[in-house]
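Asks: If you're matching positions, the sequence shown starts at 432 in the working numbering and goes up one per residue. Pasting a structure here, questions to come.
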Amino acid sequence: MKTDNIKSIAVVAAVIVTSEGILATQRGSGDFKDKWEFPGGKIEAGETPEQALMREIREELDLEIRIDSFLDTVDYTYPDFNIKLHVYVCSVISGILNLKEHKSLKWLKSDGLYSVEWLPADKVILPALENYLENVTVDKKDDMPAYTYLQEGHFALLRKPVPHIVNPKDAIVRVTLSSICTSDLHIKHGSVPRAVPGITVGHEMVGVVEQVGREVANVKPGDRVTVNVETYCGECFFCKNGYVNNCEDQDGGWALGCRIDGGQACYVRVPHADMGLNRIPDNVTDEQALFVGDILATGYWAARISEIKEEDTVLIIGAGPTGVCTLLCVKLKNPRKIIVCEKSEERIAFIKRHYPDVMVVKPENCKDFVMQESAHGGADVVLEVAGADDTFRLAWECARPNAVVTVVALYDKPQVLPLPDMYGKNLTFKTGGVDGCDCEEILRLISEGKIDTTPLITHRFALDEIEEAYRVFENRLDGVIKVAVNEN
Ligand SMILES: [Zn+2]
Ligand SMILES: [Zn+2]
């Protein structure tokens, strides 16, 4: 068969799913008379595939549809032409079905998909459709519980409509497990001015992909995924240099659970899904993967930028959840000594119990201890993860000359940089928020047993108990470090 120089046509088709089943239509004329197909037609000049599909369904069936998910593109070569068939799963929003071009129709159940004689290109789509139907639950729901930022000081569990694909790069993820982060508390207390009242909070979550937009290539319905705290386009100057925290896209940076709806809910819409979602390896559980997109990404990034060498003494200030994640990632660099500075007895006990090879010191003894334990008058690398009133000062005071001081902490107040006191110490400061672009590598390390954050999960709740989860986490009750909220 000669395949070059033959005509190529771009076509769209709708898999219309209703409670009756899936709509199949039968051709009444032409080369493929009597064969069955998913309704649709050619994309005309100037139309997006989605616009073409809505027009075709209006023209052929008198129906107004909503496009729920991109399914797949079939590239099929017939004897004298080639088609690129873009297939979407759709729901009916209005209209009375009227067959204007086809001779008959059938509503097929999911186990009867192969019961009609399909056009060859349409038949190719059936395995992807079966996979979709097996995994999707969002299309059976109108609303869901969603933990919502009402106004300063107030969050509440509301019922909200389930999210839909808005942009071709979006995915809808069914959240299976989420967590509460200190940043959620900052929103609650009004210290995140860009947070938008009315949004669903939550930016630490894992789940299952249910629906995707046309331009999503890396994940498909049914994939278990981590969700990155940062959405980023992958194309702007900052993204191309790995500085995804500063992505220039309107949804770039920390948007989920801050400027757009987040994941303390049953479903979440994730923009730029190819960038922000990472498939979880089969041998990694949801609990093992829960912190990959936020606090573990932060610890990994902090360790990566801190230029740690094997002969180094590394000081980590703060053994909260992010401090522990930082510790786990610093350990991967095998420095000669790791010292953790922490004031809470509970957290000191946690470090001693889980990481006996790490030295622990309280803030008041930290400087003397570090001087004793280091060969060159201070730590070679300091990571400041505490963000308390005097921990920035402690960080640079404990550093040896020419050390790297990485500031991971987010402070409530401005900090003083007393340059005259530091003169000649020639320190390198690194600051900022995580560039969360190493999630695939982090998942590989978890899968290989090299990172385990599950000891951080001290408390577990269901989504309808989320008020209680916040109360425990916010007031640091009962030895809590991190909570896991189960959305199922
Ligand atoms: Zn966070
Ligand atoms: Zn970008």
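Note that beta-carbon positions come from the ideal geometry of N, C-alpha and C, so glycine has one too.
1) DSSP three-state label for A734, please.
2) Please find out if some non-hydrogen atom of ligand 1 comes closer than 7 Å to the beta-carbon of D866.
3) What distance in whole Å lies between the Cβ atoms of A602 and K591, which are believed to be in contact at a cut-off of 8 Å?
4) Measuring CA to CA, which of I556, H620, E490 is closest to E532?
5) Quick one: Cα of G584 to Cα of R902, how far?
6) Does DSSP classify V789 as helix, strand or coil?
7) Taking 7 Å as the cut-off, does the CB of D713 come closer than this to any heavy atom belonging to ligand 1?
8) Any idea if K464 is buried or exposed, counting beta-carbon neighbours within 10 angstroms, 16 or more meaning buried?
9) Sort Y663, V597, H807 by Cα distance to G644 and report the nearest one.
10) Using beta-carbon positions only, say whether A750 and R778 come within less than 8 Å of one another.
11) Less than 7 Å separating the Cβ of H585 from some heavy atom of ligand 1?
12) Compute the distance between the beta-carbons of C748 and A826, then report whether it is under 8 Å.
13) Should the stretch 785-796 be called in touch with the stretch 829-840, which here means at least 3 C-beta pairs below 8 Å?
14) Contact between the stretch 651-663 and the stretch 730-743 is defined here as three or more beta-carbon pairs at a separation below 8 Å; is this criterion met?
15) Taking H617 as the reference, give the member of L841, E738, Y563 with the closest Cα.
16) Could you name each continuous beta strand (DSSP E) segment of 3 residues or more that falls completely within the stretch 736-817, going from the start of the chain to the end?
17) Leaving out the 5 sequence neighbours to the left and right, which residues in its chain are closer than 8 Å to Y869 when beta-carbon positions are compared?
18) Do I739 and ligand 1 come close, with the Cβ less than 7 Å from some heavy atom?
19) From the DSSP secondary-structure annotation, give me the bridge partner or partners of V555.
20) Contact defined as beta carbons within less than 8 Å: I believe T884 pairs with L759. What is the distance between those atoms, to the nearest angstrom?
21) Cutting at 7 Å between CB atoms, please list the residues of its own chain near V839, excluding the five before and the five after it.
22) For D506 and P558, I'd like the C-alpha separation in whole angstroms.
23) On the premise that S522 lies in contact with R497, defined as a C-beta separation below 8 Å, what is that separation, rounded to the nearest angstrom?
24) At the level of alpha carbons, what is the spacing between Q846 and G818?
25) For D573, collect the residues of the same chain with a Cβ closer than 8 Å to its Cβ; drop the 5 residues on either side in sequence, then sort them by chain order.
26) Looking at C-beta atoms only, is the number of pairs between the stretch 890-907 and the stretch 605-616 that lie closer than 8 Å three or more?
27) Please confirm whether any heavy atom of ligand 2 lies closer than 7 Å to the CB of D601.
28) Which residues in the same chain have their Cβ closer than 7 Å to the Cβ of P886, if we skip the five residues on either side of it in sequence?
29) Using a 10 Å radius around the Cβ and a threshold of 16 neighbouring Cβ atoms, would you call A893 buried or exposed?
30) Three or more C-beta pairs closer than 8 Å, one from the stretch 671-686 and one from the stretch 850-870: is that the case here?
31) Rounded to whole angstroms, what's the CA-CA distance from K433 to D462? Just pull it up for me.
32) Given 7 Å as the limit, tell me if C689 has its C-beta closer than that to any heavy atom belonging to ligand 1.
33) In this structure, does DSSP put K433 in helix, strand or coil?
Replies: In this structure, then:
1) Here the question's residue 734 lines up with position 303 in the sequence shown. Note: A734 maps to helix in three-state DSSP.
2) Locating residue 866 in the sequence shown gives position 435, where the first residue counts as 1. No.
3) Taking the sequence shown and counting its residues from 1, the one referred to as residue 591 is at position 160. Taking the sequence shown and counting its residues from 1, the one referred to as residue 602 is at position 171. No, K591 and A602 are not in contact; Cβ-Cβ is about 18 Å, not under 8 Å.
4) Within the sequence shown, the letter at position 101 stands for residue 532. It is E490.
5) To locate residue 584, count along the sequence shown from 1; it is residue 153. To locate residue 902, count along the sequence shown from 1; it is residue 471. One C-alpha to the other measures close to 13 Å.
6) Your numbering for residue 789 matches position 358 in the sequence shown. V789: coil per DSSP, three-state reduction.
7) If you number the sequence shown from 1, residue 713 lands on position 282. No - ligand 1 has no heavy atom lying nearer than 7 Å to the Cβ of D713.
8) The sequence position of residue 464 within the sequence shown is 33, counting from 1. Classification of K464: exposed, given that the 10 Å Cβ count is below 16.
9) Locating residue 644 in the sequence shown gives position 213, where the first residue counts as 1. Nearest in C-alpha terms to G644, of all of Y663, V597, H807, is V597.
10) As a first step, residue 750 must be located in the sequence shown, where it is residue number 319. As a first step, residue 778 must be located in the sequence shown, where it is residue number 347. Cβ distance < 8 Å, so A750 and R778 count as in contact.
11) Walking along the sequence shown from the start, residue 585 turns up at place 154. When distances are taken from the beta-carbon of H585 to the heavy atoms of ligand 1, even the shortest one reaches 7 Å or more.
12) Numbered from 1 along the sequence shown, position 317 holds the residue referred to as residue 748. Numbered from 1 along the sequence shown, position 395 holds the residue referred to as residue 826. What sits at residue 748 in the sequence shown is Ile, not Cys. Going by C-beta atoms, I748 is nearer than 8 Å to A826.
13) no
14) By the criterion of at least three beta-carbon pairs nearer than 8 Å, the stretch 651-663 is not in contact with the stretch 730-743.
15) As a working mapping, residue 617 is identified with position 186 in the sequence shown. Cα-wise, what sits closest to H617 is L841.
16) 744-748, 768-772, 790-792, 810-815
17) Here the question's residue 869 lines up with position 438 in the sequence shown. Reading off the sequence shown, one finds Asp at residue 869, where the question assumed Tyr. Excluding sequence neighbours, D869 sits near A728, Y731, W732, R735.
18) Locating residue 739 in the sequence shown gives position 308, where the first residue counts as 1. Incorrect: I739 has no Cβ contact closer than 7 Å to ligand 1.
19) Translated into the one-based positions of the sequence shown, residue 555 becomes position 124. According to DSSP, V555 bridges with nothing at all.
20) Position 453 of the sequence shown, counted from the start, is the residue given in the question as residue 884. Position 328 of the sequence shown, counted from the start, is the residue given in the question as residue 759. The pair is a contact, with the Cβ atoms about 7 Å apart (cut-off 8 Å).
21) To locate residue 839, count along the sequence shown from 1; it is residue 408. So the qualifying residues of the chain are T729, A733, T753, T757, L814, E815, V816.
22) On the sequence shown, residue 506 is found 75 positions in, with the first residue counted as 1. On the sequence shown, residue 558 is found 127 positions in, with the first residue counted as 1. Linking D506 to P558 through their CA atoms gives a straight-line distance of about 15 Å.
23) As a position in the sequence shown, residue 497 is number 66, starting the count at 1. As a position in the sequence shown, residue 522 is number 91, starting the count at 1. Separation of the CB atoms of R497 and S522 is rounded to 5 Å, and the pair is thereby assigned contact status at 8 Å.
24) As a position in the sequence shown, residue 846 is number 415, starting the count at 1. As a position in the sequence shown, residue 818 is number 387, starting the count at 1. Each residue's Cα considered, the two are about 10 Å apart.
25) Mapped onto the sequence shown, residue 573 falls at position 142. Around D573: P592, V593.
26) yes
27) Working through the sequence shown from its first residue, we reach residue 601 at position 170. For ligand 2, not one heavy atom lies less than 7 Å from the Cβ of D601.
28) Mapped onto the sequence shown, residue 886 falls at position 455. Only H785 meet the Cβ criterion.
29) Locating residue 893 in the sequence shown gives position 462, where the first residue counts as 1. By the 10 Å Cβ count, A893 comes out exposed.
30) Of all C-beta pairs linking the stretch 671-686 to the stretch 850-870, three or more are shorter than 8 Å, placing the two stretches in contact.
31) Here residue 433 refers to the residue found at position 2 of the sequence shown. Here residue 462 refers to the residue found at position 31 of the sequence shown. Annotation note: pLDDT 46 at K433 (below 50); position unreliable, no value reported.
32) Counting from one through the sequence shown, the residue named residue 689 turns up at place 258. No, since every heavy atom of ligand 1 falls outside the 7 Å radius drawn around the Cβ of C689.
33) Numbered from 1 along the sequence shown, position 2 holds the residue referred to as residue 433. Low confidence applies here, because K433 scores a pLDDT of 46, under 50, leaving its location unreliable and the question unanswered by this model.
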